[in-house]
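Note that my numbering numbers the sequence shown so that position 105 is 124, with each residue one more than the last.
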Amino acid sequence: MIKVEGLSKTYKNNNKEIYALKNINIEIKKGEIFGIIGLSGAGKSTLIRCLNRLEEPTNGKIFIDGKEITNLNNTDLRETRKDIGMIFQHFNLLSSKNVYQNIAFPLELEGLKKDEIDKRINTLLEYVDLEDKKFAYPSQLSGGQKQRVAIARSLANNPKILLSDEGTSALDPKTTKSILELLNKIRKEFGLTIVLITHQMEVIKDICDRVAIIEDGEIIELNTVEEIFANPKTKTATEFISTLKINTQEEINYQRKSGSKILRLSFVGENAKKPIVSKMVKQFDIDVNILSGNINELISTSIGNLVLEISGEDNQIEKAIDWLRKENIRLEVI
Ligand SMILES: Nc1ncnc2c1ncn2[C@@H]1O[C@H](COP(=O)(O)OP(=O)(O)OP(=O)(O)O)[C@@H](O)[C@H]1O
């Protein structure tokens with residue numbers, strides 16, 4: 020649905036060139052929820068804004084549903100943009116217009132008749148659960164309600180793609196969850212492809228199928244969310260994941276018994292259902308102390324993390340570690 024080839028973006032500031040994006044290559048499938056995560060200044064906004072040419076790429080090509088958009092003239096670009104809805108961190112609603120008028124705006128531009136607009140708006144408001152706010156003004160709505168209006172507006176022209184530029188960053192955790200649930204419903208029911216940028220790993224965990232990690236304008240890691248959580252390759256990915264592992268510090272500071280080893284195990288999908296710990300204790304002459312455990316529910320599967328202290332004779336500990344590896348348990352000796 021979206022193909023980005025060799026995309027670069029350079030800004031000029033006081034005759035100095037700033038490389039915001041360097042040679043980005045991504046392919047995003049139809050119906051996928053694709054996350055882009057990075058720290059402030061990494062290039063996330065520039066990247067997502069290039070996808071609908073709110074920002075003009077310096078180099079490279081972008082294809083939307085097979086059509087190259089990087090060489091379209093303004094008229095064709097306007098037409099293609101109807102396929103791409105967008106939501107923003109600060110909602111971008113017109114404050115002088117009520118909910119109805121905000122959503123009507125793209126429909127009026129399309130030249131729809133009044134009764135068609137009425138019908139479409141009623142359907143959209145029912146979909147985002149805001150029928151009772153039809154004539155409210157943005158200042159009378161909560162952040163979550165404003166984002167629902169913005170989502171309804173972005174869906175007005177039946178787009179194929181929805182871009183979210185930090186769409187949940189201004190919302191509290193509970194409201195964030197409800198907006199993410201709405202986005203997932205939209206993907207499921209309309210088959211929309213969703214690209215979202217965020218600096219919150221929680222958002223990636225809750226809703227994305229795949230994620231790209233961007234740093235200094237480059238993609239440093241790109242994989243399924245499951246794989247990134249189970250086997251992060253870069254320090255940045257590990258740091259983003261660790262923002263979700265509240266117990267990490269206590270584990271490391273734990274006063275370990277002399278001669279014991281502390282292992283962090285991660286179980287993906289089916290492995291999470293096997294009685295690995297009890298089997299290990301039966302087979303090897305070791306003691307096991309559970310220090311912490313958590314389960315991250317991803318959109319496709321769940322990943323369990325378990326931190327164990329194992330003690331006993333050195334050779335028994337080594338054999339137990341070898342056995343875990345043979346059982347395809349991902350493990351790290353901390
Ligand atoms: N219009 C501009 N003119 C000059 N430099 C810019 C412009 N927009 C962005 N940049 C620079 O490009 C780089 C990437 O910025 P971008 O806004 O894409 O990052 P980001 O990851 O979205 O950051 P944040 O999370 O803080 O919004 C930064 O170094 C930024 O200063």
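Positions of the beta carbon are idealized from the N, C-alpha and C atoms, including for glycine.
Keep in mind it's a predicted model, so treat the numbers as computed, not measured.
Can you tell which of the options has the C-alpha that lies nearest to the C-alpha of residue i?
{"i": "P40", "options": "E234, I322, V287", "result": "First, the residue type needs correcting, since residue 40 is Leu and not Pro in the sequence shown. Considering only alpha carbons, the answer is E234."}
{"i": "S158", "options": "I140, T187, S114", "result": "S114"}
{"i": "I305", "options": "N313, S277, T320, I336", "result": "I336"}
{"i": "C227", "options": "V214, G236, Y30", "result": "V214"}
{"i": "T320", "options": "Q302, L282, V244", "result": "V244"}
{"i": "R68", "options": "K207, V23, N308", "result": "V23"}
{"i": "T142", "options": "G323, E346, N177, N44", "result": "N177"}
{"i": "N42", "options": "S59, T77, E129, L149", "result": "T77"}
{"i": "E150", "options": "I45, V118, L131, E74", "result": "V118"}
{"i": "K224", "options": "L241, T253, I260", "result": "I260"}
{"i": "G54", "options": "I318, I309, E346, V230", "result": "V230"}
{"i": "A61", "options": "L284, L202, K28", "result": "K28"}
{"i": "E74", "options": "T65, V147, K138", "result": "T65"}
{"i": "L26", "options": "E36, I52, L70, L91", "result": "L70"}
{"i": "R167", "options": "E200, N250, D137", "result": "E200"}
{"i": "D84", "options": "L211, G312, G278", "result": "L211"}
{"i": "F286", "options": "V300, T89, K301, E316", "result": "E316"}
{"i": "L282", "options": "L343, K293, L131", "result": "L343"}
{"i": "F110", "options": "G312, R100, E36, A189", "result": "A189"}
{"i": "G162", "options": "L131, K196, L284", "result": "K196"}
{"i": "K345", "options": "M299, E240, E36, K133", "result": "M299"}
{"i": "L284", "options": "G278, T262, G312", "result": "G312"}
Which of the three DSSP states is assigned to residue i in this structure?
{"i": "E51", "result": "coil"}
{"i": "F248", "result": "helix"}
{"i": "N121", "result": "helix"}
{"i": "D333", "result": "helix"}
{"i": "G312", "result": "strand"}
{"i": "V147", "result": "coil"}
{"i": "F209", "result": "helix"}
{"i": "N111", "result": "coil"}
{"i": "E269", "result": "Because E269 sits at a pLDDT of 49, beneath the cut-off of 50, its placement in the model cannot be relied upon, and the following sentence gives the value as read from the coordinates. Note: E269 maps to helix in three-state DSSP."}
{"i": "S197", "result": "helix"}
{"i": "G288", "result": "helix"}
{"i": "I81", "result": "strand"}
{"i": "I305", "result": "strand"}
{"i": "L202", "result": "helix"}
{"i": "E74", "result": "coil"}
{"i": "E87", "result": "strand"}
{"i": "L40", "result": "strand"}
{"i": "K153", "result": "coil"}
{"i": "L131", "result": "coil"}
{"i": "K338", "result": "helix"}
{"i": "K276", "result": "coil"}
{"i": "K116", "result": "coil"}
{"i": "R344", "result": "helix"}
{"i": "D137", "result": "helix"}
Determine the extent of the alpha helix (DSSP H) in which residue i is found, giving its start and end residues.
{"i": "G162", "result": "162 to 174"}
{"i": "A256", "result": "254 to 261"}
{"i": "E185", "result": "That residue, E185, is in no alpha helix (DSSP H); it is neither H nor E in DSSP."}
{"i": "K224", "result": "220 to 226"}
{"i": "K63", "result": "63 to 70"}
{"i": "S297", "result": "295 to 302"}
Where do the N-terminal and C-terminal ends of the beta strand (DSSP E) with residue i fall, by residue?
{"i": "E237", "result": "237 to 243"}
{"i": "T29", "result": "21 to 32"}
By DSSP's criteria, residue i is part of a beta bridge. Which residues make up the other side?
{"i": "N93", "result": "Partner(s): none; N93 has no beta bridge."}
{"i": "S321", "result": "E316"}
{"i": "R349", "result": "S285"}
{"i": "A231", "result": "I55, L241"}
{"i": "T217", "result": "I56"}
{"i": "E46", "result": "K22"}
{"i": "I103", "result": "I180"}
{"i": "K35", "result": "N32"}
{"i": "E328", "result": "I281, N308"}
By C-beta, the residues closer than 6 Å to any heavy atom of ligand 1, given in chain order:
Y30, N32, I37, A39, G57, S59, G60, A61, G62, K63, S64, T65, H218
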